[in-house]
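What follows is a short report on a single structure.
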Ligand SMILES: Nc1ncnc2c1ncn2[C@@H]1O[C@H](COP(=O)(O)OP(=O)(O)OP(=O)(O)O)[C@@H](O)[C@H]1O
Ligand SMILES: [Mg+2]
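Chains as they are written, first to last, in this note's numbering: chain X, 1 to 237; chain E, 1 to 446.
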């Protein structure tokens with residue numbers, strides 16, 4: 001079984017001068033390829049902090065994080081950027097589309113920052129269109145974000161997360177701002193992606209959402225309190 | 001290259017999101033660039049005007065004119081109130097005989113007379129002069145010949161008339177060979193001069209000249225026929241002036257010798273006119289240098305004003321960009337999360353300011369190119385709403401209305417370059433502060 005990502009004894013401390021906040025106090029776990037993980041836990045337990053580290057948005061205070069064969073904790077800022085661009089797809093709770101761009105242009109954004117800045121050619125355009133079709137927005141490619149519903153915006157951000165064919169997909173409460181019908185639609189898309197072999201790591205507060213994943217990680221006070229395996233068979237790619 | 005095109009496209013997209021704001025931000029640069037170009041164009045036009053005037057007078061010429069001494073009435077021998085002053089024929093002789101660098105000299109006497117042909121009459125300026133007058137005043141003939149030396153020797157009653165005089169007196173006939181009456185004497189017309197644009201006044205000591213109502217006669221003939229006395233009727237009372245020569249125009253053999261020759265002329269005249277300074281020495285070359293200096297001062301002053309408006313424009317851009325960075329903190333966080341490096345963010349915001357300042361600069365250049373038209377509008381406005389009738393005819397008025405702004409073409413790229421530089425300078429700080437944002441913090445920003 002190949003690993004998509006692996007964290008070893010990860011800690012993250014915030015030094016606020018008078019106090020040191022220990023957001024993560026030594027987290028170790030493996031993420032096999034094709035995994036679908038829900039990270040749960042009470043507020044302030046360190047879920048987002050862990051996800052940000054997994055997303056190479058930040059470096060840990062100590063410990064190691066392996067992604068694509070490299071230890072992310074040793075990389076400099078530009079290398080972290082390259083890592084995020086190449087290996088990671090983000091889905092945010094509040095969608096975070098760029099207001100002045102159309103649907104298609106939003107999906108293209110990660111292409112702008114590929115290393116060496118290769119031109120965006122016809123093949124790339126077609127790939128973006130294909131992704132738009134896949135999330136069911138093939139007829140809305142030249143709409144702007146304010147013309148879309150929340151669910152539609154989140155679909156755009158899923159398409160955007162996929163454009164560089166990342167190693168892992170990270171989602172921080174992707175359905176937190178959506179109603180239950182839309183939530184189900186988004187979950188359906190994520191399921192399909194996972195069935196296609198994508199590794200998905202998702203933070204959620206909803207047990208009903210968490211139950212739909214393969215594995216739950218329960219966090220408490222900066223540590224993993226419990227790992228539950230929901231589904232035994234983890235398909236390998 | 002495609003990368004540059006792409007970041008410029010993206011910058012345009014962001015700027016077009018807030019059209020009004022981007023437009024207003026640009027305005028400072030537009031006016032800055034416009035005023036740089038306009039002010040240089042006006043400075044350039046003024047200097048060209050001054051140069052033109054000076055060259056009309058001749059860069060190697062020195063002009064000596066009679067000047068009425070300040071309200072000093074000299075009693076003549078006859079006891080009547082005759083004012084006697086100015087250059088003497090002896091001055092002309094001394095100057096031409098003692099200063100070797102002088103190659104040509106024209107003595108000039110000017111009187112106003114009524115001239116008449118059959119039933120047509122008009123008032124004209126009768127200029128007594130010699131053969132060299134034609135060339136030294138850049139006049140050309142349209143018909144006949146100019147005055148010759150033998151006309152002088154033989155005291156012939158011949159005259160050369162200006163085109164306008166010919167048009168008034170000889171509506172349907174060929175003037176050459178006809179006779180005209182000047183005062184009480186008859187003269188034969190031997191030539192007609194072409195129109196020449198009036199020269200404007202320079203430096204106060206030389207008033208403008210309108211060559212188109214002149215009649216030229218041999219100076220010796222004029223002296224013999226009319227004498228040196230000039231009686232004018234002013235406000236009911238008669239004043240008589242006795243002036244031998246109104247002007248002597250001298251040509252120096254070499255441009256480098258002009259200033260020293262002018263000095264020699266001044267010294268000579270100081271000795272021949274020890275009591276009153278009833279003459280003025282005008283050296284066009286000196287005027288040219290003065291005009292150059294005035295232009296420099298103008299350019300520095302006007303340039304500073306334009307520079308201030310450019311700086312203000314730059315501060316405006318920086319201000320807006322800082323606000324924009326704050327407003328778009330979340331966008332910056334998203335881009336960083338999706339893989340943008342700090343340098344990408346710097347590039348993005350810097351490109352936006354450069355595009356903003358650059359297009360402002362381009363619009364400014366277009367406005368700048370319209371300076372001559374704008375200036376015509378200003379002249380029209382001044383003529384109709386600001387100036388009173390007699391001011392327009394004064395030296396200052398003439399100078400203003402004769403002025404044609406000349407766009408200095410080097411100022412276009414320079415002004416545009418300055419605007420882009422200001423874009424870079426005012427954009428660099430906001431861009432760096434945008435790039436330095438922590439991606440996680442930026443993503444959390446509301
Ligand atoms: N930049 C920071 N500076 C200081 N403390 C921080 C910072 N980021 C997070 N923390 C602290 O780290 C701890 C974990 O925060 P984190 O955001 O990971 O919680 P969470 O599990 O995502 O909570 P929630 O469910 O409310 O989103 C909290 O106590 C938080 O206050
Ligand atoms: Mg959180």
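Using N, Cα and C, we set each Cβ at its ideal position, and we do this for glycine too.
Cβ atoms of residue 247 of chain E and residue 63 of chain E come within 8 Å of each other, at about 6 Å. Nearest neighbour of residue 59 of chain E by Cα position, chosen from E:66, E:51, E:65, turns out to be E:51.
DSSP places residue 9 of chain X in the uninterrupted beta strand (DSSP E) bounded by 3-15. Segment contact: the segment 186-193 of chain E against the segment 156-168 of chain E, three or more CB-CB distances shorter than 8 Å; contact assigned. Selection E:148, E:195, E:215, E:254 evaluated against residue 179 of chain E yields E:215 as nearest (Cα-Cα). Chain E has no Cβ within less than 8 Å of the Cβ of residue 153 of chain X.
DSSP links residue 39 of chain E through a beta bridge to no other residue. In the three-state reduction of the DSSP assignment, residue 388 of chain E falls in the coil class. For residue 83 of chain E, the enclosing beta strand (DSSP E) covers residues 82-84.
Every alpha helix (DSSP H) of 4 residues or more that sits fully in the segment 130-208 of chain X is shown, in chain order, as 150-162, 180-195. CA-CA distance, residue 41 of chain E to residue 377 of chain E, rounds to 15 Å. Residue 304 of chain E has its alpha-carbon roughly 50 Å from the corresponding atom of residue 84 of chain X.
Comparing alpha-carbon positions, the option among E:69, E:435, E:162, E:87 lying closest to residue 343 of chain E turns out to be E:435. With a cutoff of 7 Å, residue 48 of chain X counts as near ligand 2, since its C-beta is closer than that to a heavy atom of the ligand. Contact between residue 219 of chain X and residue 47 of chain X holds, with the beta-carbon distance rounding to 6 Å and staying under 8 Å. With a cutoff of 8 Å on beta-carbon distance, residue 194 of chain E and residue 140 of chain E are scored as near each other. Within the segment 15-28 of chain E, contact with chain X at the beta-carbon level (separation under 7 Å) is assigned to 17. Counting the other CB atoms within 10 Å of its CB gives residue 142 of chain X a total below 16, which places it among the exposed residues. The three-state reading of DSSP puts residue 91 of chain X in strand, counting E and B together.
Under the three-state reduction of DSSP, residue 42 of chain X is assigned to coil, being neither helix nor strand.
Collapsing the DSSP output to three states places residue 56 of chain X in coil.
Taking a C-beta distance under 8 Å as the contact criterion, residue 12 of chain X and residue 5 of chain X do not qualify as a contact pair. Beta-carbon to beta-carbon, residue 313 of chain E and residue 32 of chain E are separated by about 5 Å, close enough to satisfy the 8 Å threshold. A Cβ-Cβ separation of about 5 Å places residue 108 of chain E in contact with residue 129 of chain E under the 8 Å criterion. The beta-carbon of residue 90 of chain X is placed less than 8 Å from the nearest beta-carbon of chain E. Between the beta-carbon of residue 222 of chain E and that of residue 258 of chain E there is about 29 Å, and that puts the pair past the 8 Å contact cut. For residue 85 of chain X, the C-beta contacts it makes with chain E under 7 Å involve 338, 339, in order along the chain. Contact with chain E is found for residue 99 of chain X, since one of that chain's Cβ atoms lies less than 8 Å from the residue's Cβ. Against chain X, the CB of residue 334 of chain E has a partner CB under 8 Å away; the residue lies at that interface. No Cβ-Cβ contact shorter than 8 Å links residue 166 of chain X with residue 153 of chain X.
For residue 173 of chain E, the closest C-alpha among the options E:44, E:337, E:192 is that of E:192. For residue 203 of chain X, the distance from the CB to the nearest heavy atom of ligand 2 is below 7 Å.
Residue 51 of chain X places its beta carbon less than 8 Å from that of residue 201 of chain X. Nearest to residue 58 of chain X by C-alpha distance, out of X:44, X:45, X:42, X:75, is X:75. Taking a cut-off of 8 Å for Cβ pairs, the segment 421-437 of chain E and the segment 310-326 of chain E touch, as three or more such pairs fall below it.
Taking 8 Å as the cut-off, the beta carbon of residue 217 of chain X is found no closer than this to the beta carbon of residue 88 of chain X.
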